[in-house]
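Counting along the sequence shown from 1, when you hit position 395 you're at 1432 in my numbering, and nothing is skipped either side. Worksheet for the structure shown next.
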Amino acid sequence: MTPEDARRAARLAYGGVEQAKQLHRDERAFQGLGQILQDARVTFRQLRRSPGFTVTAILMLALGIGATTAIFSIVEGILLRPLPFPDPDRLVTLGDVLEGSHCASCAHSSVTAPDIRNYMRDTQSFSHLGGYRQRLFELSGTDEPAAVTATRMSGELFAALGVQPLLGRTFTQREDEEGQQVAVLSYGTWQNRFHADANVLGNKIILYRKPYTIIGVMPRHFEFPLNPGHVNQSELWLPLSLQPEEFTAGSAGSWNSHMVGRLKPGITVEQAQSDAERVAQETMRDYPAHMRSLRIHAVVTPLQEDTVEQARPLVRTLLFAVIVVLLIVCANLAGLLLVRAIRRRREIAVRLALGARATALLRQAIVESMVLSIAGGAIGLSLAAVALRVGISRLPQTLPRINEIGLDWPVMLFALGLALLTGLLCGLAPAFAAMRTSVNEALKEGGRTGTSGSGHARLCSALVVAEIAVALTLLTASGLLLRSFEKMRDVELGFRPDHTLAALYVLPHQQYQTQSAIDQFTKTLLNDLWHLPGIEAVGITSFLPAAGNNWGIAFTIEGYVPPKGAGLNMASMSLVESNPFEALGIRVLRGRVFTESDNAGSQLVAIVNRKMAERHWPGQDPIGKRLRRGMPETSTPWMTVVGEVDDVKLGSRDAETMPQVYQPVTQT
């Protein structure tokens, strides 16, 4: 017998190779990769035969997974991602809380100049601790003058953050205390304003009419402060250099700075809290006599928590909304797969009758849903990238670290896991339906016309009930979500944000060195704006509504006797010119707005908001009342109230409305 005849005889006796492989697969208890690949090939053939079902299922999954991935990117970037500093869990903020200050929002996490000095000197829980504040500067000495956001900070803060400069060095605490005029540039400022010049160190720049020497450049992704509420990132950092006048009685009530520190090894947040509280009570001795009755407490908060605190409600709302969308997608896909399994009931019964195992059918049903989910996930990832670009532009730019949000590896792994989990969950219903198929009933039903059998009817009824239950649950959740959005939308802002344009400008010192030159520019600017087509009103203000500028200063009210236990008379201060009230749509309730006669040579005047009037002159007309900036011991001049305007939200929609005082720029 030749070898070819022998092989032919063996095939006839033992069967074909593929038959042997299939028999071996069926006998194995463990279903290997080969079976899964075979199921995938069968799935592809079946899906090609049902293009309508396939396209519908994949698009539904793409929308659900894409939306969820985009929102998870925001959640991960804002809430979950660790801060970009070494050992970020050791970084904390330190601030004051003033009971009865009439301004809870302006005191939280804020400190005064005496606080910075005393906390840095007397606390024992921090390896490094320092204060900082942000402000705008006019920058010159580069290609062209520009307005930049700078952060004045203690030299200790760079050591606390633990980030090394890309070029040069950072300033020290000694340079800060000595008032050295040195500057550290951000990477973006170095690239854009100094053309990435490697020899930039030692160059001079002019900030607010003073020369500063560049001593360092920070790395690309360094950002500080991370505080929400500030739209502009810091473009450079300068020594804090607290001045002697900031420690006088008149400045003791100015909570306009913040503090960040790094805990010593082994020190907990609770221990640091007790340590800071001890110093806070000792600090009260440095305050004027009338302030010693205040109940001031120190608050130590992890920097991560403090950074995301204001963003958490918005992000949670978005996450809840997208979970609702994903549940709807899963319910609809499970329904489609279940209906598909019911339609294939006779086919499944025939396969069972021919010897196919129920576990094999279960595996194939799950593989089918997984194939759909992976395809939907791949398309959904592309949709997420597009949605993320659009969504970030629509989100409040005051959200912390919003520029770092993107589709990084953790997000893509989340998308993959979500696709697999969605496929598994959605495939369970048709998979179990396949396992419970009765061969006899299915074959009998398949031979009838006009009827589908009691089992089929019960399954369809259960499907309808399940769909209705899921729909009602999701409808209720969606209604609650819409109600929350409606409630948030209906919050009275106090101004008209639509059809209103805002712009920021800083005048170059070389061109405008005198007050008369500045006044002439302002007058010309307002006049030119007035004559533009479509302009109804123009004005200038130092603080825009809803921009997060809600820290306050202390005021003394003539004749006002605070109730027992009351704290400081805190209010937000805005400098205005022309008529920003009309431009912003802020209603005038009493009196008048400022006019050209309110100048440096006339009586000092002020406008207060409704909250300020109700707080200090309840039931009275505030017109003609007097107030002044600072503590009772200060000798600042009195201002006469000439108008009352409506309350305006300075921060978020859910933030407490603050007392506000407006003063004309021409009288400052």
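The beta carbon of each residue, even a glycine, is placed where N, CA and C say it ideally should be.
field: Sub-8 Å separation of S1191 and Q1210 beta-carbons
entry: At the C-beta level, S1191 and Q1210 come within 8 Å of one another.
Exposure label - K1686; buried when at least 16 CB within 10 Å: Residue environment analysis places K1686 among the buried positions, since at least 16 neighbouring C-beta atoms fall within 10 angstroms of its C-beta.
message: Quick check on N1646: buried or exposed, where buried means 16 or more other Cβ atoms within 10 Å of its Cβ?
response: Under this definition N1646 is a buried residue.
query: Around the Cβ of K1369, are there at least 16 other Cβ atoms within 10 angstroms (buried) or fewer (exposed)?
result: Checking the displayed sequence, the identity of residue 1369 turns out to be Asn instead of Lys. Buried is the call here.
field: Reference F1195; option with closest CA among G1298, L1098, D1234, E1113
entry: The shortest C-alpha separation from F1195 is found at G1298.
field: Between the CA atoms of V1625 and E1681 - distance to the nearest angstrom
entry: The straight-line gap from Cα to Cα measures roughly 6 Å.
- prompt: Quick one: any contact between the stretch 1158-1165 and the stretch 1295-1312, if contact means 3 or more CB pairs under 8 Å?
  reply: Flag = yes, the stretch 1158-1165 and the stretch 1295-1312 touch.
- request: Entirely within the stretch 1103-1170 and at least 4 residues each: give me those alpha helix (DSSP H) ranges in chain order.
  value: The alpha helix (DSSP H) runs of length 4 or more contained entirely in the stretch 1103-1170 are, from start to end of the chain, 1141-1144, 1150-1159.
task: Inspect the CB distances between the stretch 1566-1581 and the stretch 1603-1617 and report whether three or more fall short of 8 Å.
output: The stretch 1566-1581 is in contact with the stretch 1603-1617.
message: Let me check one thing: in DSSP terms, what residues is R1665 bridge-paired to?
response: Among the bridge pairs identified by DSSP, R1665 is matched with T1593.
- prompt: How many Å lie between Q1657 and V1337 at the Cα?
  reply: Looking at the two C-alpha atoms, the distance is approximately 41 Å.
task: Decide if the stretch 1649-1667 is in contact with the stretch 1554-1574; the criterion is three or more beta carbon pairs, one per stretch, under 8 Å apart.
output: They do not touch, by the three-pair rule.
query: Rounded to a whole number of angstroms, what is the C-alpha to C-alpha distance between Y1245 and Q1548?
result: Taking the straight line from one Cα to the other gives about 13 Å.
field: Any chain B beta carbon closer than 8 Å to G1303
entry: Of the protein chains in this structure there is only one, and it is not chain B.
query: In the structure shown, what three-state DSSP assignment does N1636 receive?
result: Coil, per DSSP.
field: alpha helix (DSSP H) segment containing S1311, residue limits
entry: Counting along the chain, S1311 sits inside the alpha helix (DSSP H) bounded by residues 1306-1320.
field: Span of the beta strand (DSSP E), counted from its first residue to its last, around W1567
entry: Per DSSP, W1567 lies in no beta strand (DSSP E) segment; the continuous alpha helix (DSSP H) that holds it begins and ends at 1552-1567.
message: In this structure, how does DSSP classify L983 when only helix, strand and coil are distinguished?
response: In the structure displayed, the chain extends from 1038 to 1705; residue 983 sits before or after that span and is not available.
message: For a test of the three-state rule: what should DSSP assign to E1214, helix, strand or coil?
response: Reduced to three states, the DSSP call for E1214 is helix.
- prompt: From what residue to what residue does the alpha helix (DSSP H) around P1350 run?
  reply: Bounds of the alpha helix (DSSP H) holding P1350 are 1349-1380.
- prompt: Among all the DSSP beta bridges, which residues are the ones paired with I1572?
  reply: I1572 is not bridged to any residue.
query: How many angstroms separate the CA atom of D1152 from the CA atom of G1516?
result: Each residue's CA atom was taken as its position, placing D1152 and G1516 some 47 Å apart.
query: Just checking, does the stretch 1443-1450 make contact with the stretch 1354-1364 on the three C-beta pairs under 8 Å criterion?
result: The stretch 1443-1450 makes no contact with the stretch 1354-1364: fewer than 3 CB pairs, one atom from each, lie closer than 8 Å.
query: Out of curiosity, what's the CA-to-CA distance linking P1696 and L1530?
result: Cα to Cα, the separation comes out at about 14 Å.
task: For P1701, I'd like the list of residues in its chain whose CB is within less than 6 Å of its CB, leaving aside the five on either flank, ordered along the chain.
output: These residues qualify, in order along the chain: F1631, D1635.
task: Give me the Cα-Cα distance between F1109 and A1424, rounded to the nearest whole angstrom.
output: In this structure, the alpha-carbon of F1109 lies about 12 Å from that of A1424.
task: Could you tell me which of P1040, T1677, G1576 sits nearest to E1595, measuring between CA atoms?
output: Distance from the Cα of E1595 is smallest, within the candidate group P1040, T1677, G1576, for T1677.
field: C-beta contact flag for E1619 and A1554 at 8 Å
entry: The Cβ-Cβ distance between E1619 and A1554 does not fall below 8 Å.
Same chain, Cβ closer than 8 Å to L1263, neighbours up to 5 away in sequence not counted: L1120, L1340, T1344, P1437, R1438.
query: Buried or exposed: S1223, going by 16 or more other Cβ atoms within 10 Å of its Cβ?
result: By the 10 Å Cβ count, S1223 comes out buried.
query: Do you know how far the Cα of A1637 is from the Cα of R1663?
result: A straight-line Cα-Cα distance of about 18 Å links R1663 and A1637.
message: Among L1453, D1556, E1272, whose alpha-carbon lies nearest the alpha-carbon of N1229?
response: Comparing Cα positions, the closest option is E1272.
Distance between M1607 and V1642 (C-alpha atoms, nearest Å): Straight-line measurement puts the Cα of M1607 at about 18 Å from the Cα of V1642.
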